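Following: one structure in structure tokens, then a few remarks.
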Amino acid sequence: MITGRTVVAGVLGHPVAHSLSPVLHNAWLAAAGIDGVYVALAPTTETFAAFVQGQRGGGALRGVNVTVPFKEAALAAADAATDRARLAGAANLLLFDTDGRILADNTDGIGLLRAFEVQAPGFDPAAGPVVVLGAGGAARGAVAALLLAGAPEVRVLNRTAAKAQA
Numbered sequence: 015m016i017t018g019r020t021v022v023a024g025v026l027g028h029p030v031a032h033s034l035s036p037v038l039h040n041a042w043l044a045a046a047g048i049d050g051v052y053v054a055l056a057p058t059t060e061t062f063a064a065f066v067q068g069q070r071g072g073g074a075l076r077g078v079n080v081t082v083p084f085k086e087a088a089l090a091a092a093d094a095a096t097d098r099a100r101l102a103g104a105a106n107l108l109l110f111d112t113d114g115r116i117l118a119d120n121t122d123g124i125g126l127l128r129a130f131e132v133q134a135p136g137f138d139p140a141a142g143p144v145v146v147l148g149a150g151g152a153a154r155g156a157v158a159a160l161l162l163a164g165a166p167e168v169r170v171l172n173r174t175a176a177k178a179q180a
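Count along the sequence shown from 1, then add 14; that gives the number in my numbering.
Structure follows, in structure tokens:
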């Protein structure tokens, strides 16, 4: 049941109706007994900036995971950002603090590095160069995390050279 104290978070993208994130996060919130709800939010490209800025001031929406096509715009909308978000030039996480500030992070690369720890325990980015296949939404975060983990060089391969170079 949603109450006056329910914490709201969500996934922010366009389109986003297909996302399974609300199903997963709401199940986790319920299992943990947390008074919270996780929703899909789909502003348009034209309304994205106003939507994000409208979350200032400690309202019910505490944070969002950001997906396509808003990751670069999310970083631009933030008052402060982690080093990895700045290096990536994109954010996949926005937090709305009670002081009205918007904080940005990029956790795409952390997920990649954690997957390497489990799936390829001997992988060492510092032994690079490292190749990233594809230049989609998570590629910027992956490149940033690999560089921060010591990769001497990261090469991005993609169908379109222009997108890989961006």
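Backbone N, C-alpha and C define an ideal beta-carbon position, used for all residues, glycine too. As the structure is a prediction and not an experimental result, all values here were calculated from the model.
Other residues of its chain near A99: CB distance less than 6 angstroms, five sequence neighbours each side excluded: L89, A105, A118, D119, N120
Residues of its chain near G71, where Cβ-Cβ distance is below 7 angstroms and the 5 sequence neighbours each way are ignored: G114
Local Cβ density within 10 Å of P139, reported as buried at 16 or more and exposed below that: buried
For G50: DSSP bridge partner residues: V21
Sheet register partners of V170 (DSSP bridge): V146
C-beta atoms of L26 and F84 nearer than 8 angstroms: yes
Own chain, CB closer than 6 angstroms to L109, minus 5 neighbours either side, in chain order: G77, L117
D122 (DSSP reduced to helix, strand or coil): helix
Rounded C-alpha distance that separates V170 from T17: 47 angstroms
Terminal residues of the alpha helix (DSSP H) in which L160 lies: 153 to 162
Proximity to T61 [Cα-Cα], best of H28, D97, A41, A44: H28
Extent of the continuous alpha helix (DSSP H) to which V76 belongs: In the sequence as presented, Val is not what sits at residue 76; that position holds Arg. Where R76 is concerned, there is no enclosing alpha helix (DSSP H), although the beta strand (DSSP E) it sits in stretches over 75 to 80.
Cβ neighbour criterion (16 or more within 10 Å) applied to T59: exposed
Residue interval of the beta strand (DSSP E) (run including L108): 107 to 110
Anticipated Cβ contact below 8 angstroms, A56 with A31, distance rounded: 7 angstroms
Own chain residues within Cβ distance below 7 angstroms of A156, not counting five before or after: D122, G123, L126, V146
With 16 other Cβ atoms within 10 Å as the buried cut-off, status of G73: exposed
Own chain, CB closer than 7 angstroms to N172, minus 5 neighbours either side, in chain order: G148, A149, A178
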